[in-house]
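Read the structure below first, then the notes.
Numbering (this note's numbering), first residue to last: 60 to 169.
Here it is, written out as structure tokens:
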């Protein structure tokens with residue numbers, strides 16, 4: 060099977076194993092296509108951008124999925140992605156994240 064690579068923003072989590080090892084994520088590619096990513100992705104959060112490499116598999120019940128072998132979390136590219144990253148900072152919360160983003164804009168992480 061040929062390895063393919065996609066860059067996408069995670070827009071949903073369908074499943075995340077309690078042990079944190081396996082997840083099924085819904086992603087929106089740069090081309091605007093919705094795709095399902097499966098594999099060792101439980102550390103990836105909704106709103107994050109990733110570069111994922113893997114092989115396409117046809118699941119009998121859930122359809123076409125990218126079985127991920129490698130993943131890298133990329134810098135957030137949208138305000139929603141920045142907000143999602145900031146909200147993960149302990150003690151910052153939703154209001155604090157929104158305030159920082161409003162004050163510093165797209166340069167908030169630099």
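All C-beta atoms, glycine included, are put in the ideal place defined by N, C-alpha and C.
Under a three-way DSSP split, which group does residue 92 fall into?
Of the three classes helix, strand and coil, the one that applies to residue 92 here is coil, per DSSP.
CB-CB under 6 Å to residue 118, same chain, minus the five flanking residues each way: which ones, in chain order?
Cβ within range, chain order: 124.
If we count the other Cβ atoms within 10 Å of its Cβ and call it buried at 16 or more, is residue 97 buried or exposed?
Buried is the call here.
Three-way DSSP call (helix, strand, coil) for residue 84 in this model
Strand.
Run through DSSP, which three-state label would residue 151 get?
Coil at residue 151, not helix or strand.
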